[in-house]
Amino acid sequence: MGFLKAYEILRGNLLVAMDGTNYYSSEKVNCPCCSTKTSKQGKVTYFHQALLPVIVSPDHESVFSLPPEFITPQDGSEKQDCEQNAAKRWISNHASLFAGQKITLLGDDLYSRQPTCQHCLDHDFNFIFVCLPTSHPTLYEWLNYLEANGEVKTTQHRRWNGKYFEIWHCRYLNQIPLRDQQPALLVNWCELKIHRESDAQLLYHNSWITNHFLTPHIVLDVCRAGRTRWRTENENHNILKNRGYHLEHNFGHGKQHLASVLLTLNLLAFLLHTVLGLVDERYQRIRVQRGTHKGFFQDILSLTKYLFFESWHHLLDFMLDDSVSLAVSNSS
Numbered sequence: 001m002g003f004l005k006a007y008e009i010l011r012g013n014l015l016v017a018m019d020g021t022n023y024y025s026s027e028k029v030n031c032p033c034c035s036t037k038t039s040k041q042g043k044v045t046y047f048h049q050a051l052l053p054v055i056v057s058p059d060h061e062s063v064f065s066l067p068p069e070f071i072t073p074q075d076g077s078e079k080q081d082c083e084q085n086a087a088k089r090w091i092s093n094h095a096s097l098f099a100g101q102k103i104t105l106l107g108d109d110l111y112s113r114q115p116t117c118q119h120c121l122d123h124d125f126n127f128i129f130v131c132l133p134t135s136h137p138t139l140y141e142w143l144n145y146l147e148a149n150g151e152v153k154t155t156q157h158r159r160w161n162g163k164y165f166e167i168w169h170c171r172y173l174n175q176i177p178l179r180d181q182q183p184a185l186l187v188n189w190c191e192l193k194i195h196r197e198s199d200a201q202l203l204y205h206n207s208w209i210t211n212h213f214l215t216p217h218i219v220l221d222v223c224r225a226g227r228t229r230w231r232t233e234n235e236n237h238n239i240l241k242n243r244g245y246h247l248e249h250n251f252g253h254g255k256q257h258l259a260s261v262l263l264t265l266n267l268l269a270f271l272l273h274t275v276l277g278l279v280d281e282r283y284q285r286i287r288v289q290r291g292t293h294k295g296f297f298q299d300i301l302s303l304t305k306y307l308f309f310e311s312w313h314h315l316l317d318f319m320l321d322d323s324v325s326l327a328v329s330n331s332s
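Each residue of the sequence shown is one higher than the one before, counting from 1 in the numbering used here.
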């Protein structure tokens with residue numbers, strides 16, 4: 001879709017943020033697709049999780065849902081499934097969908113392990129993953145040694161955030177071993193610290209590894225892209241759970257796949273509403289009038305409960321202009 005061109009960054013890359021979330025939990029109702037956890041008291045909780053990838057941008061609030069990957073017991077495996085394995089399956093299953101389109105995957109520190117990074121590269125995906133000192137001691141030992149020898153480079157940028165000026169200080173280093181075990185993948189590391197200019201208060205601090213080669217001209221965009229991973233929480237999980245989609249509500253569990261099907265329908269609805277918000281002028285006007293997702297959904301629920309509309313366009317026209325003719329549904 002043409003409007004996704006505005007989401008490209010880093011020489012034509014789309015950013016896909018990867019993050020898992022729970023969408024069902026019960027101490028009684030369960031199915032073969034449930035994962036389990038046992039408390040110290042021996043109480044078993046059954047739950048469903050899914051990896052929910054979304055297209056994100058540092059310059060746009062809207063996110064675009066992509067096909068989920070369910071974190072569920074796999075045939076032939078005695079271990080429980082996990083987010084990392086789900087991410088690898090998603091990459092393997094959906095890489096062909098992006099043929100001809102550059103993709104950079106974003107993920108938290110859980111993803112910055114060599115098997116996951118190598119899997120990305122094997123499928124022609126770029127990556128920017130959070131990299132913490134506590135989980136990557138070898139990398140940071142190399143970093144400290146090379147910094148002491150003047151190898152770590154820095155850039156500084158003054159940016160306006162809409163309210164006040166910030167100072168963005170970037171550090172970066174190319175071709176550093178990801179782990180002590182051989183063979184070790186050589187990755188590029190960068191760090192971002194954001195301070196408020198007026199009082200030097202630290203507002204943000206994070207670091208990442210990436211396969212994008214870092215230069216003074218590209219490191220800022222890599223940091224901006226890495227920082228954008230938070231949108232998967234705020235603009236995706238939070239909206240789905242708290243703003244009218246009720247992602248964690250038990251719409252029905254079924255015997256095996258019902259909960260997963262209902263989650264997928266929820267994601268499709270969210271994707272449809274996101275696209276409508278970009279391409280449908282009537283939808284845009286109504287959303288501005290109503291202000292919140294919940295208010296918009298409540299209006300649709302009330303109207304369709306008592307009135308019949310010939311089409312989606314008919315409903316939107318009526319919501320914009322109550323003089324539009326309609327037929328009252330016959331509930332008898």
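Even glycine gets a Cβ: it sits at the ideal position worked out from N, Cα and C. Predicted model, so just to flag it, every value in this text is computed and none were measured.
Asked: Could you have a look at LEU320 and say whether DSSP puts it in helix, strand or coil?; Found: helix
Asked: Following the continuous beta strand (DSSP E) through TRP168, name the residue where it begins and the one where it ends.; Found: 165-177
Asked: Could you give the residue range of the beta strand (DSSP E) that holds ALA50?; Found: 44-51
Asked: Let me know if ALA50 comes out buried or exposed under the rule of 16 or more other beta-carbons within 10 Å of its beta-carbon.; Found: buried
Asked: Leaving out five residues before and five after PHE64 in sequence, what residues of the same chain have Cβ atoms less than 7 Å from its Cβ?; Found: VAL54, ILE55, LEU271, THR274
Asked: If you count every other CB in all the chains shown that lies within 10 Å of the CB of HIS246, and 16 or more means buried, which is it?; Found: exposed
Asked: For SER260, count the other beta carbons within 10 Å of its own beta carbon; 16 or more makes it buried, fewer makes it exposed. Which is it?; Found: buried
Asked: Cβ of HIS212 within 9 Å of Cβ of LYS193?; Found: no
Asked: Give me the Cβ distance between PHE309 and LEU301, rounded to the nearest whole Å; I'm assuming they're in contact under 8 Å.; Found: Not really, about 13 Å apart at Cβ, beyond 8 Å.
Asked: Closest to ARG159 by CA distance: which of ASN149, ASP317, HIS195 is it?; Found: HIS195
Asked: Can you list, in chain order, the residues of its chain whose CB lies under 6 Å from that of ALA6, leaving out five sequence neighbours each side?; Found: none
Asked: State the Cα-Cα distance for the pair LEU110 and SER62, rounded to the nearest angstrom.; Found: 25 Å
Asked: What span of residues does the beta strand (DSSP E) with GLN118 cover, start to end?; Found: Where GLN118 is concerned, there is no enclosing beta strand (DSSP E), although the alpha helix (DSSP H) it sits in stretches over 114-122.
Asked: Evaluate TRP312 with the Cβ neighbour count: other Cβ atoms within 10 Å of its Cβ, from every protein chain shown; 16 or more gives buried, anything less gives exposed.; Found: exposed
Asked: Compute the Euclidean distance between the alpha carbons of TYR306 and LEU220, then round it to the nearest angstrom.; Found: 54 Å
Asked: Indicate the three-state DSSP secondary structure (helix, strand or coil) for GLY226 in the structure shown.; Found: helix
Asked: DSSP on LEU105, reduced to helix/strand/coil?; Found: strand
Asked: Given a cut-off of 9 Å, decide if TRP208 and GLU233 are closer than it, judged by their beta-carbon atoms.; Found: no
Asked: Using only alpha-carbon positions, find the residue among TYR140, TRP230, GLU197 that is nearest to PHE165.; Found: GLU197
Asked: Can you give the Cα-Cα distance for TYR263 and GLN256, rounded to whole angstroms?; Found: Correcting the residue type first, residue 263 is Leu in the shown sequence and not Tyr. C-alpha separation (whole angstroms): 13 Å.
Asked: Do PRO58 and ARG171 count as a contact pair if the criterion is CB distance below 9 Å?; Found: no
Asked: Using a Cβ-Cβ distance under 9 Å, would ILE103 count as near chain D?; Found: The displayed structure is made up of one protein chain only, and chain D is not part of it.
Asked: So, using beta-carbon positions, are THR210 and GLY226 closer together than 9 Å?; Found: yes
Asked: Is it true that the CB of SER35 sits closer than 9 Å to the CB of PRO73?; Found: yes
Asked: Just how far apart, CA to CA, sit ALA148 and TYR23?; Found: 47 Å
Asked: Output the distance between the C-alpha atoms of GLN201 and THR228, rounded to the nearest integer angstrom.; Found: 21 Å
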